[in-house]
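Asks: Below is one structure. I have some questions about it.
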Amino acid sequence: MAKSFDPSDLWSPFGAFSQAVIVGEGKTIYLKGQVSLGPDGEVVGEGDMAAQVAQVLKNISCVLDAMGGRMSDIVSLQQFTSDIQAFMRCAEIRSRFFDAPYPVTTTLEISSLYDARLLVEITAIAEIPVSRFVMPDAALEKHQ
């Protein structure tokens, strides 16, 4: 049975979704699309693509950290942006979070995200080695 997880030090999801879903023995993690929201749920870097990309990647890292994961565990990314040109200029920011071998990546330009102040959303799939994986207590509590 899949278990959902919402880290307490990340913005609280609103609506019917979780920050991550843990499948099987806890190695494959499917992260929801992260946007540039701080822990308080407020937009970070309004109008600043570079600041938003950095915040999104920090949010992804936060979810993985809570389960013993690392950015190097990510195997796939889907990136959605309302300004592909500005997003492509942020490659240096991404290089601060990833080393080779890099995850497979799909990048799409869309008309907008759910809030016009948000410029980018990134989803991720990660495989955390069992030797490092920690099932978050919050995930267990949700499913008891």
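Take the sequence shown: its position 52, counted from the start at 1, is 51 in numbering that gives the first Met the number 0, and no numbers get skipped. Note that beta-carbon positions come from the ideal geometry of N, C-alpha and C, so glycine has one too.
Per DSSP, what kind of secondary structure is residue 109 in: helix, strand or coil?
Replies: Here DSSP, grouped into helix, strand and coil, assigns residue 109 to coil.
Asks: Assign residue 144 to one of three DSSP states: helix, strand, or coil.
Replies: Only positions 0 to 143 of the chain appear in this structure, which leaves residue 144 out of reach.
Asks: To the nearest angstrom, how far is the alpha carbon of residue 99 from that of residue 47?
Replies: Residue 99 and residue 47: Cα-Cα distance of roughly 27 Å.
Asks: Could you tell me which of 108, 45 and 72 sits nearest to residue 123, measuring between CA atoms?
Replies: 72
Asks: With distances taken Cα to Cα, identify the nearest neighbour of residue 26 among 86, 74 and 58.
Replies: 74
Asks: On the CB-based measure, 16 or more other CB atoms within 10 Å of its CB, does residue 120 come out buried or exposed?
Replies: buried
Asks: Give the DSSP-derived three-state secondary structure of residue 2 in the structure shown.
Replies: strand
Asks: At a Cβ threshold of 9 Å, is residue 106 touching chain D?
Replies: You won't find chain D in this structure, because it holds only one protein chain.
Asks: From the DSSP output, read off the bridge partner residues of residue 79.
Replies: 107 and 120
Asks: Pick from 118, 52 and 77: whose alpha carbon is nearest that of residue 91?
Replies: When only C-alpha atoms are compared, the closest one is 52.
Asks: Quick one: residues in its chain with C-beta nearer than 6 Å to the C-beta of residue 34, no 5 flanking neighbours on either side, listed in chain order?
Replies: 117 and 120
Asks: Hey, quick one: how far does the alpha helix (DSSP H) through residue 30 stretch, first residue to last?
Replies: Careful: residue 30 lies outside any alpha helix (DSSP H), inside the beta strand (DSSP E) at 27-33.
Asks: Have a look at residue 66 and residue 104 and give me their C-alpha separation to the nearest angstrom.
Replies: If you draw a straight line from the Cα of residue 66 to the Cα of residue 104, it comes to about 22 Å.
Asks: I'd like to check one pair, residue 31 with residue 19: are the Cβ atoms closer than 9 Å?
Replies: yes
Asks: I'd like to check one pair, residue 68 with residue 127: are the Cβ atoms closer than 9 Å?
Replies: yes
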